[in-house]
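Read in order, the letters of the sequence shown are residues 178 to 569 in the working numbering.
Backbone N, C-alpha and C fix where the C-beta goes; we use that ideal spot for every residue, glycine too.
Down below is the structure, laid out as structure tokens.
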Amino acid sequence: MKCKKLVSLFLSLLLATALAVPACAAFEDVFADGSADGTRDGSLFLSGETVRSSAAVNGVLLAAGRTVGVNGTGAYVMAAGYEVTLGGTAENDAFLAGYSIGVSGTAQRDVFAAGQSITVNGTVGRDLYAAANTVTITGSVGGDVYISAENVVIGDGAKIGGRLHCNASALRSVPDGIADSAELYDEPESGDEGVSITVPDDEPGVGSIVLRKALSFAGVLLLAYVLLWLTPLWETVDRKYYGAPFGRYAKAFGIGFAVLAGVPLAAILLFISNVGVRLALIVLFLYAAAIIAAPVFLGFFLGALLWRGAMKKAPCYYAELAIGILVWRIAASVPGLSFAVGLVSVPLGLGVVTLLLGKGAAKLSPKAETACEESAASDPAALPEDSDSAEQ
């Protein structure tokens, strides 16, 4: 059956997506709860109330919790929590966010930190970027220091290889050697006249709008033609829906609406399970792709209605797709009408795909059968081959 080819295509996309999602190619122990040690060849993701890592991670170390302590190593360290401490080594950059942040270890490149209180008494190889209420530095920074804070304290033992950049009024203490090369700025006080900035008008011109619409139309039409070349999708949809009663379209719309609302809920349930994260990512990827492609089916239905019904032409998928997609894109560009078009096209397209994947070959609708017979009378080779007989 030709719908079996659609199922095969769907499974191929599923496999390709699984290979493309990084989490699917990672090791089984890429996720850990609470603490980790030893050596990890890939990335490591830690979460829990209290998170401690003494592991040597060759990839990205991502830790999140209320209290987070990184005492091991990581190619890149990313940590977030209420209290975050980098006591180990980030072989490249470290990204830290929390209420209280402490850097007592080493970051061989840059450190990016944001929180309420930031204390650096360790070593930063290059630049430090800190945003907080209070920033205290008593350690060593090899490059520049960029601070946005209300209170800045630079200890006597601190070393800054580059320059200190901060608000002058925020400095509470700074050694003379660092102060001499610092670049300090004054923030305007309340009531002071600010700097007038002219924002350029970003309203696109008519030519830009037309070009964007034309490229959008060409992209959607190309997708439809690729599906026509590689799959029997449009032939199958034509056989089932052309001239079909309204109830068949209503059924597809209802099922599509259920899929539109149900898939995100299913993905959430998969996310909170222990083994469903990868599958949830795959499902959401395919869900997004299906939503993008779903309106093309409305374009096909409109094109067939205009080409065969209004213009009394023999079936021609290339012309029908071009005309229908053009009408759909024009309608979707009309203010006030675009929402209604999307409300109809997305659930309808999702429902059609769901029914095709779930039910095998479609029964020929009355008008499609008549159109095929008329086409066969003039050109027998143009008659779509029955899927069941093709299998035999």
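Cβ-based neighbour list, Gly242, same chain, cut-off 7 Å, excluding 5 preceding and 5 following: In its chain, beyond the 5 residues on either side, Ser224, Gly225, Glu226, Thr227, Val228, Gly258 have a beta carbon closer than 7 Å to the beta carbon of Gly242.
Exposed unless 16 or more other CB atoms sit within 10 angstroms - verdict on Arg389: Exposed, since its Cβ has fewer than 16 Cβ neighbours within 10 Å.
From the DSSP output, in three-state form, read off Val318 for me. Secondary structure of Val318 (DSSP, three-state): strand.
Phe448 to Gly528 span [Cα, whole Å]: If you take the alpha carbons of Phe448 and Gly528, they lie about 25 Å apart.
Endpoints, beta strand (DSSP E) assigned at Glu360: Here the beta strand (DSSP E) through Glu360 covers 360-362.
Which residue wins for smallest C-alpha separation from Ser231, given the options Thr266, Ile507, Met255? Checking every option, the nearest Cα to that of Ser231 belongs to Thr266.
Integer Cβ distance of Ala481 from Tyr419, believed to fall under 8 Å: About 6 Å; that satisfies the 8 Å criterion.
Which word fits Met255, buried or exposed, when buried means at least 16 other C-beta atoms lie within 10 angstroms of its C-beta? By the beta-carbon neighbour count (other beta carbons within 10 angstroms, threshold 16), Met255 is buried.
Figure out for me which residue from Asn328, Leu458, Tyr323 has the closest Cα to the Cα of Leu442. When each option's Cα is compared against that of Leu442, the closest is Leu458.
Pick helix, strand or coil for Leu348, following the three-state DSSP scheme. Strand at Leu348.
Which same chain residues, not among the five before or five after Ala335, have their C-beta less than 6 Å away from its C-beta? These residues qualify, in order along the chain: Ile314, Thr315.
So, Ile278 versus Ala309, is the Cβ gap smaller than 9 Å? It is a contact, given that the beta carbons lie within the stated cut-off.
Cβ shell of Val237 (< 6 Å), same chain only, five flanking positions each side left out: Taken in chain order, the residues that qualify are Ser220, Tyr253.
Among the candidates Val301, Asn344, Ala435, Thr311, whose CA atom is the shortest distance from the CA of Gly275? Closest by alpha carbon: Thr311.
Quick one: is Val301 buried, meaning 16 or more other Cβ sit within 10 Å of its Cβ, or exposed? Classification for Val301: buried.
Around the Cβ of Ile386, are there at least 16 other Cβ atoms within 10 angstroms (buried) or fewer (exposed)? Exposed is the call here.
Compute the Euclidean distance between the alpha carbons of Gln571 and Arg340, then round it to the nearest angstrom. Outside the shown range of the chain (178 to 569) lies residue 571, about which nothing can therefore be said.
State the DSSP-derived secondary structure class of Gly339, mapped to helix, strand or coil. Assignment of Gly339 by DSSP, reduced to helix, strand and coil, places it in the coil class.
Span of the beta strand (DSSP E), counted from its first residue to its last, around Ser510: Unbroken run through Ser510: none, as it is neither H nor E.
Grab me the residues of Val297's own chain with a C-beta within less than 6 Å of its C-beta, minus the 5 sequence neighbours each way, in chain order. Cβ neighbours of Val297 beyond the five flanking positions: Val280, Ile314, Gly316.
CA-CA distance, Leu463 and Phe434? Spanning the two alpha carbons is a distance of roughly 16 Å.
Anticipated Cβ contact below 8 Å, Val473 with Gly526, distance rounded: About 7 Å; that satisfies the 8 Å criterion.
So within the region 410-442, which uninterrupted alpha helix (DSSP H) runs reach at least 4 residues, ignoring any that extend past its ends? Considered as a whole, the region 410-442 harbours 410-418 as its complete alpha helix (DSSP H) runs of no fewer than 4 residues, in chain order.
Could you tell me which of Ile295, Ala401, Leu305 sits nearest to Asn269, measuring between CA atoms? Here the closest residue by C-alpha is Leu305.
Would you check if the distance between the CB atom of Gly249 and the CB atom of Asp214 is smaller than 9 Å? Their beta carbons are under 9 Å apart, which means Gly249 touches Asp214 by this criterion.
Assign Val403 to buried or exposed, taking buried as 16 or more other Cβ atoms, counted over all protein chains shown, within 10 Å of its Cβ. Val403 sits exposed, since fewer than 16 C-beta atoms from the chains shown fall within 10 Å of its C-beta.
Let me make sure I understand the geometry here. Which of Pro492, Pro524, Ala471, Ile432 has the alpha-carbon closest to that of Glu412? Checked all of Pro492, Pro524, Ala471, Ile432; the closest Cα to Glu412 is Pro492.
With DSSP as the reference, label Ser393 as helix, strand or coil. If DSSP states are grouped into helix, strand and coil, Ser393 belongs with the helices.
Anyone know if the C-beta pair for Leu483 and Phe394 falls short of 9 Å? No, Cβ-Cβ distance for Leu483 and Phe394 is not below 9 Å.
Give me the Cα-Cα distance between Val329 and Asn344, rounded to the nearest whole angstrom. Rounded to the nearest angstrom, the two C-alpha atoms are 9 Å apart.
Look at the alpha carbon of Ala509 and the alpha carbon of Leu475, and state the distance between them as a whole number of angstroms. The alpha-carbon atoms of Ala509 and Leu475 are separated by roughly 12 Å.
DSSP state of Arg455, grouped into three classes? In the structure shown, Arg455 sits in a helix (DSSP, three-state: H, G or I).
Ser373 to Tyr323 span [Cα, whole Å]: At Ser373, the pLDDT of 49 sits below 50, so the modelled position is not reliable and the matter cannot be decided from this model.
DSSP-derived helix/strand/coil call for Ser385: Helix, per DSSP.
Taking the C-alpha atoms as reference points, what is the distance between Ala356 and Asp321? Ala356 and Asp321: Cα-Cα distance of roughly 13 Å.
Would you say Arg217 and Ala240 are within 9 Å of each other, going by their C-beta atoms? Result no, Cβ atoms of Arg217 and Ala240 do not sit closer than 9 Å.
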